[in-house]
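In the numbering used here, the protein residues as written are 53 to 290.
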């Protein structure tokens, strides 16, 4: 994924919804161009906002990577302004990342303010989290949000999965699933079908192959996986 300095401080996600139930596979989070046979939640930079049509649905959020270099007050206003549009269906991706971005204390402040926007406007939240799981779980416990949260690109162990599920979160698995360690396979098996999403993220991989692989890991049919993810998508973005 190529991100231009500063310009990408807020990430737009364009969502193409299936026109009929169970018609298409859903890619929960991708940076790749849309594919005719699937429905995708696609990441765009602010510089690409002109690609969004009035018929597109999208989400907006301040990514944790950019919390160090931005005018936060201006970007809170931007998120709040755009989030009130009828075709904005969620806040994200937002989150915590101890490898990149501002000190974790500042990231927590930015994350919390965006969660409050999500709660005020009844929007679900899509989360990027790297090595800050304890902080994320504590925020979930303290803030007690009514809107659902989803972790995108999860690659951790099953014990962490259990904690996230207990906190009421959805979990999305990406390209790492194609060559999954036994630990990641166990994580995939641990997530119930009604809390699961699948994504290609920034990898040039086949969504169909990803669905097939995850179906095999969970020992279900691809059709069952498709149907459950369609249901989850409708429930999450409600």
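Where is the CB? At the ideal position from N, CA and C, for every residue including glycine.
Since the model is a prediction, treat every value here as computed from it, not as a measurement.
- Secondary structure remark: continuous alpha helix (DSSP H) runs of at least 4 residues inside the region 216 to 287, in chain order: 234 to 242, 259 to 270.
- Taken through DSSP and simplified to helix, strand or coil, residue 184 comes out as coil.
- The Cβ atoms of residue 227 and residue 264 lie no closer than 8 angstroms to each other.
- For residue 127, the enclosing alpha helix (DSSP H) has its first and last residue at 124 to 135.
- Just measuring C-alpha positions, the residue of 77, 109, 290, 76 sitting nearest residue 201 is 290.
- Distances from the alpha-carbon of residue 180 to those of 199, 268, 118, 240 put 118 closest.
- Counting along the chain, the unbroken beta strand (DSSP E) around residue 145 starts and ends at 140 to 149.
- By the beta-carbon neighbour count (other beta carbons within 10 angstroms, threshold 16), residue 151 is exposed.
- Looking only at 157, 169, 127, 153, the smallest Cα-Cα distance to residue 142 is reached by 169.
- Take the alpha-carbon of residue 225 and the one of residue 183: they are about 17 angstroms apart.
- Within the same chain, and ignoring the five residues on either side of residue 209 in sequence, the residues whose Cβ sits closer than 7 angstroms to its Cβ are 235, 239.
- At a Cβ-Cβ threshold of 8 angstroms, residue 197 and residue 288 do not count as neighbours.
- In this structure, residue 167 lies near residue 195, with their beta-carbon atoms less than 8 angstroms apart.
- Ranked by Cα distance from residue 222, the first of 269, 257, 212 is 212.
- For residue 202, the uninterrupted beta strand (DSSP E) run begins and ends at 201 to 206, by DSSP.
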